[in-house]
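Visitor: Residue numbers (our numbering): 34 to 358.
Please read through the structure below; I'll follow up with questions.
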Ligand SMILES: [Zn+2]
């Protein structure tokens, strides 16, 4: 289950009775009591780690605000606001949070979330801006590519890069995120040997939205799969205005697409937004999410399941059935 299990426990339910063997909980919501109770009920705890969610940080530290191709602060992409991933202050802040989390709790793993450059892919109409043209990003791009960007206004420099060195720029953007993934992975494995490193990621195919997965979000699926133990595509069919079958197709596509040892544990939608997801439909996406080469599945969210007795029953029945198999 994904999200804080408190609503599930408030129903008097026990994880073991429902066949739940893993919880994915926001790092900030993990407590010693939660760890202890999950352990008693046979579930391991994984921390969701909001890697490049800039909200709450960039307002206080504007130097970390992602800049668009005009050199201006990129507006929020509907409800999401990213961050400049090369800002040294932000990087130190996030890595410290990770170290504190690993120090405090015996986690079964860490799941990187918001693993992309500033954009919005969870809505049916994606927001796909060009970022980040900050001084620190331009410096990192130049150091990595050996390309000298002429001086000028941020807008002129962005235009020059996109006009003359677009490929190198997009390659560097992918590399930049992978550098973080490697550092996070190393920290997790060093402090908690045996713990898994996973990533929640955009479920698009490489070619959708004119290649926006690599071009804008900065994801190279092969290299991402090589950098983690588990891929968790966010197949939110209701939010992305797709049909339930799309969940199964996406998981199957990803299994064939990625040639690596990485496991696939998708996250499917139980949450009633922007429309109600009936219990029967939840069952279909839960089953499809666990098919097609996947070896695990979770749902968004535990709260959505706990607030609907029919969804609780679906989860119990499906998970118990898999346990017996
Ligand atoms: Zn930047």
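All C-beta atoms in this analysis are idealised placements derived from N, C-alpha and C, irrespective of residue type, glycine included.
Considering only C-alpha positions, which residue in the set 243, 120 and 87 is nearest to residue 109?
Guide: Cα-wise, what sits closest to residue 109 is 87.
Visitor: Using the Cα positions of residue 264 and residue 236, report the straight-line distance between them to the nearest angstrom.
Guide: Taking the straight line joining both Cα atoms gives about 10 Å.
Visitor: What residue from 176, 204, 288 and 68 has the CA that sits closest to residue 139's CA?
Guide: If we check each option's Cα against that of residue 139, 68 comes out closest.
Visitor: Name the residue from 50, 90, 142 and 347 whose alpha carbon lies nearest to the alpha carbon of residue 73.
Guide: Answer by Cα proximity: 50.
Visitor: Going by DSSP, what residues sit across from residue 100 in a beta bridge?
Guide: Answer is 106, bridged to residue 100.
Visitor: Let me check understanding here. Comparing Cα to Cα, which of 215, 34 and 115 lies closest to residue 58?
Guide: Of the candidates 215, 34 and 115, the one whose C-alpha sits nearest the C-alpha of residue 58 is 34.
Visitor: Measuring CB to CB, does residue 171 end up less than 8 Å from residue 189?
Guide: Cβ distance not < 8 Å, so residue 171 and residue 189 don't count as in contact.
Visitor: Measuring from the CB of residue 209, is there a heavy atom of ligand 1 at a distance below 7 Å?
Guide: No.
Visitor: May I ask which residues mark the beginning and end of the alpha helix (DSSP H) holding residue 218?
Guide: It spans 199-224 - the alpha helix (DSSP H) in which residue 218 sits, taken as one unbroken run.
Visitor: Comparing the CB of residue 169 with every heavy atom of ligand 1, is any distance shorter than 7 Å?
Guide: Under cutoff, so the answer is yes.
Visitor: Please list, in chain order, all residues of the same chain as residue 239 whose beta carbon is under 6 Å from its beta carbon, the five residues on each side excluded.
Guide: Same-chain partners within the cutoff: 246.
Visitor: Counting Cβ pairs, one atom from each stretch, are 3 or more of them under 8 Å apart for the region 141-153 and the region 252-266?
Guide: These segments touch.
Visitor: In chain order, what residues of the same chain have a beta carbon less than 7 Å from the beta carbon of residue 350, not counting five sequence neighbours either side?
Guide: Once the five neighbours on either side are set aside, residue 350 has no close Cβ partner at all.
Visitor: Looking at residue 235 and ligand 1, is the gap between the Cβ and the nearest heavy atom below 7 Å?
Guide: Outside the cutoff, so no.
Visitor: Enumerate, from N- to C-terminal direction, the unbroken alpha helix (DSSP H) stretches of 4 or more residues contained entirely within the region 95-177.
Guide: Counting whole runs of 4 or more residues, the region 95-177 contains the alpha helix (DSSP H) stretches 121-137.
Visitor: The alpha helix (DSSP H) spanning residue 336 covers which residue range?
Guide: Segment 335-339, the alpha helix (DSSP H) holding residue 336.
Visitor: To the nearest angstrom, how far is the alpha carbon of residue 152 from that of residue 85?
Guide: So the alpha carbons of these two residues sit roughly 11 Å apart.
Visitor: Please report how far the alpha carbon of residue 273 lies from the alpha carbon of residue 180, in whole angstroms.
Guide: Computed Cα separation, rounded: 38 Å.
Visitor: Across the region 197-208 and the region 267-285, are there enough close Cβ pairs to call them in contact, namely three or more that are closer than 8 Å?
Guide: These segments do not touch.
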